[in-house]
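S.K.:
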Amino acid sequence: MSPLTKLMFSLSLLLGTTITISSNHWMLAWTGLEINTLAIIPFISKSHHPRAVEAAIKYFLIQATASALILFSSTINAQLTGQWDITQLTQPVASLLLTMAVAMKLGLVPFHFWFPEVMQGSPMTTALLLSTLMKLPPITILFLTAPSLNPLLLTTMAIASAAVGGWMGLNQTQIRKILAFSSIAHLGWMTIILMYNPKLTMMSFYLYSLMTASIFLALNTTNSLKLSTMMTSWTKTPALNTSLMLALLSLAGLPPLTGFLPKWLIIQELTKQEMSTTAMIISMLSLLGLFFYLRLAYCSTITLPPNTTNFMKQWYSNKPTNTPTAALISLSILLLPLSPTILTIT
Numbered sequence: 320m321s322p323l324t325k326l327m328f329s330l331s332l333l334l335g336t337t338i339t340i341s342s343n344h345w346m347l348a349w350t351g352l353e354i355n356t357l358a359i360i361p362f363i364s365k366s367h368h369p370r371a372v373e374a375a376i377k378y379f380l381i382q383a384t385a386s387a388l389i390l391f392s393s394t395i396n397a398q399l400t401g402q403w404d405i406t407q408l409t410q411p412v413a414s415l416l417l418t419m420a421v422a423m424k425l426g427l428v429p430f431h432f433w434f435p436e437v438m439q440g441s442p443m444t445t446a447l448l449l450s451t452l453m454k455l456p457p458i459t460i461l462f463l464t465a466p467s468l469n470p471l472l473l474t475t476m477a478i479a480s481a482a483v484g485g486w487m488g489l490n491q492t493q494i495r496k497i498l499a500f501s502s503i504a505h506l507g508w509m510t511i512i513l514m515y516n517p518k519l520t521m522m523s524f525y526l527y528s529l530m531t532a533s534i535f536l537a538l539n540t541t542n543s544l545k546l547s548t549m550m551t552s553w554t555k556t557p558a559l560n561t562s563l564m565l566a567l568l569s570l571a572g573l574p575p576l577t578g579f580l581p582k583w584l585i586i587q588e589l590t591k592q593e594m595s596t597t598a599m600i601i602s603m604l605s606l607l608g609l610f611f612y613l614r615l616a617y618c619s620t621i622t623l624p625p626n627t628t629n630f631m632k633q634w635y636s637n638k639p640t641n642t643p644t645a646a647l648i649s650l651s652i653l654l655l656p657l658s659p660t661i662l663t664i665t
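So the sequence shown is numbered by our numbering: it starts at 320 and just counts up by one.
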């Protein structure tokens, strides 16, 4: 892909995201989502590998279906209420259709099947975009329509997402698939609190994006795509791998790292809403995710393979650790003491 083409599609991604998150009208939000979908497809399929092409087709079909459902939902709402405003979603059928459409776009259970496959077929940087930037417009739509959605449906989908994200990630060896199931589990945490404190959902998403970006950039630096290659990356960049271990533990939500903050606040808010049982269930389900984060951390720092592997060992990295990676990893580890400031800002 030529630099000019890459720049054009990158600007289109930013444009689509900006249109959706800043719009009040359903048609504008839908237009932004469509621009986003069309702009990311060349990044997914740029390697021309059959798996990449398959991932691009799967992504296109799912996103097109979800966009059609959003259009259908907004049209029903406009027909019955006369309102095209996103915040005026008062029709129950339109609300149900919108919840389904946004769940498809985000990869929430039971519409999650496409997400790990698309992540596995994408390059590392594109997988980073799919996990972070591409989820911002749908989450913004959920944020704007939160008062109109069905709390029981959202809570059920959230707990199912946390469970499936934890269970399905346990036996994976491909790092992109593990991070895809991690994303599904984190979306469960964000969705469960959406009805009661939407700002907390957005803060959780920002911190999740920060931690995921640091992990993807670190893995991209060491060219680690599966656990077996991750085991030998310690010899290339010991300092980066140590930081990667801490970032993974932060994503798992262990104190005193940054990732503990959103989980702590979500459990506190659920308890205030007299949903202690729900808080306990989702906390127990997060232990499933902790297992594969610990396995990734173990592979990145402690394990060296005892026998000869089938691939050529790279005893040095030709990609120096750059400033954005270092800054993101530092933030994804050290933000917990600044939690009063973060809460004031959000």
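We treat Cβ as the ideally placed atom computed from N, Cα and C, and that holds for glycine.
Hey, quick one: how far does the alpha helix (DSSP H) through Ala383 stretch, first residue to last?
M.R.: Residue mapping note: residue 383 aligns to position 64 of the sequence shown, counting from 1. Element bounds for Ala383: Pro369 to Thr400.
S.K.: Answer with buried or exposed for Ala558, where buried requires no fewer than 16 other C-beta atoms within 10 angstroms of its C-beta.
M.R.: Here residue 558 refers to the residue found at position 239 when the sequence shown is read from its first residue. Under this definition Ala558 is an exposed residue.
S.K.: Pick out the complete beta strand (DSSP E) segments inside the stretch 479-505, 3 residues or longer, and give them in chain order.
M.R.: The qualifying runs do not exist here; there are none.
S.K.: So, is Asn495 buried or exposed, given that buried needs 16 or more other C-beta atoms within 10 angstroms?
M.R.: Translated into the one-based positions of the sequence shown, residue 495 becomes position 176. The sequence given here has Arg at residue 495, not Asn. Buried: at least 16 other Cβ atoms inside 10 Å.
S.K.: Tell me which same chain residues have a C-beta within less than 7 Å of the C-beta of Phe579, skipping the five on either side of it?
M.R.: Reading the sequence shown from its first residue, position 260 is the one you call residue 579. So the list reads Gly572, Leu573 and Leu655, once near-sequence residues are dropped.
S.K.: Can you grab the Cα-Cα spacing for the pair Ile405 / Asn343, in whole Å?
M.R.: Taking the first residue of the sequence shown as position 1, residue 405 is located at position 86. Taking the first residue of the sequence shown as position 1, residue 343 is located at position 24. About 5 Å.
S.K.: Return the CA-CA distance between Ala446 and Gln410, expressed in angstroms with no decimal places.
M.R.: For the purposes of this step, residue 446 is identified with residue 127 of the sequence shown, where counting begins at 1. For the purposes of this step, residue 410 is identified with residue 91 of the sequence shown, where counting begins at 1. When rounded, the distance between both Cα atoms is 35 Å.
S.K.: Okay, do the stretch 373-392 and the stretch 346-365 touch, 3+ Cβ pairs below 8 Å being the bar?
M.R.: Yes, since at least three Cβ pairs between the stretch 373-392 and the stretch 346-365 fall closer than 8 Å, the two stretches touch.
S.K.: Could you round the C-beta distance between Ile395 and Ala420 to whole angstroms and report it? I think they count as a contact, below 8 Å.
M.R.: Position 76 of the sequence shown, counted from the first residue, corresponds to residue 395. Position 101 of the sequence shown, counted from the first residue, corresponds to residue 420. The Cβ separation is near 12 Å, so there is no contact.
S.K.: Measuring alpha carbon to alpha carbon, tell me which of Thr418, Ser386, Thr384 and Ser651 ends up nearest Leu570.
M.R.: Translated into the one-based positions of the sequence shown, residue 570 becomes position 251. Checked all of Thr418, Ser386, Thr384 and Ser651; the closest Cα to Leu570 is Ser651.
S.K.: Alpha carbons only, please: which of Ser658, Leu334 and Gln592 is nearest the one belonging to Met453?
M.R.: Counted from its first residue, the sequence shown places residue 453 at position 134. Of the listed residues, the one whose Cα sits closest to Met453 is Leu334.
S.K.: Of the choices Ala348, Trp349, Ala358 and Leu352, whose alpha-carbon is the least far from that of Leu330?
M.R.: Working through the sequence shown from its first residue, we reach residue 330 at position 11. When only C-alpha atoms are compared, the closest one is Ala358.
S.K.: Which value, in whole angstroms, describes the spacing of the CA atoms of Thr350 and Leu388?
M.R.: For the purposes of this step, residue 350 is identified with residue 31 of the sequence shown, where counting begins at 1. For the purposes of this step, residue 388 is identified with residue 69 of the sequence shown, where counting begins at 1. Going by the C-alpha atoms only, they are around 13 Å apart.
S.K.: Return the first residue and the last residue of the alpha helix (DSSP H) that Ala446 is part of.
M.R.: Here residue 446 is taken as the residue at index 127 of the sequence shown, counted from 1. Unbroken alpha helix (DSSP H) run through Ala446: Met443 to Ser450.
S.K.: If I follow the unbroken alpha helix (DSSP H) through Leu530, where does it start and stop?
M.R.: Counting from 1 along the sequence shown, the entry for residue 530 is found at position 211. In the sequence under discussion, the amino acid at residue 530 is Met, which differs from the Leu named in the question. Run containing Met530: Pro517 to Thr541, per the alpha helix (DSSP H) assignment.
S.K.: Thr451 to Leu568, Cα distance in whole Å?
M.R.: In the sequence shown, residue 451 corresponds to position 132, counting from 1. In the sequence shown, residue 568 corresponds to position 249, counting from 1. So the alpha carbons of these two residues sit roughly 19 Å apart.
S.K.: So the alpha helix (DSSP H) Leu580 belongs to, where does it begin and stop?
M.R.: Here residue 580 refers to the residue found at position 261 of the sequence shown. First-last of the alpha helix (DSSP H) with Leu580: Phe579 to Lys591.
S.K.: Would you kindly report the start and end of the unbroken alpha helix (DSSP H) that includes Ala465?
M.R.: The residue labelled residue 465 in the question sits at position 146 within the sequence shown. Run containing Ala465: none; DSSP gives neither H nor E here.
S.K.: Quick one, which of Ser393, Glu436, Phe434 and Gln398 has its alpha-carbon nearest Leu415's?
M.R.: Counting from one through the sequence shown, the residue named residue 415 turns up at place 96. For Leu415, the nearest C-alpha among the options comes from Ser393.
S.K.: Do Ser501 and Pro581 have their CB atoms nearer than 8 Å?
M.R.: Working through the sequence shown from its first residue, we reach residue 501 at position 182. Working through the sequence shown from its first residue, we reach residue 581 at position 262. Their beta carbons are not under 8 Å apart, which means Ser501 does not touch Pro581 by this criterion.
S.K.: Excluding five sequence neighbours on each side, which residues of the same chain lie with their C-beta closer than 7 Å to the C-beta of Asn340?
M.R.: One-based indexing of the sequence shown puts residue 340 at position 21. Per the sequence shown, the amino acid found at residue 340 is Ile instead of Asn. These residues qualify, in order along the chain: Leu455, Pro456 and Thr459.
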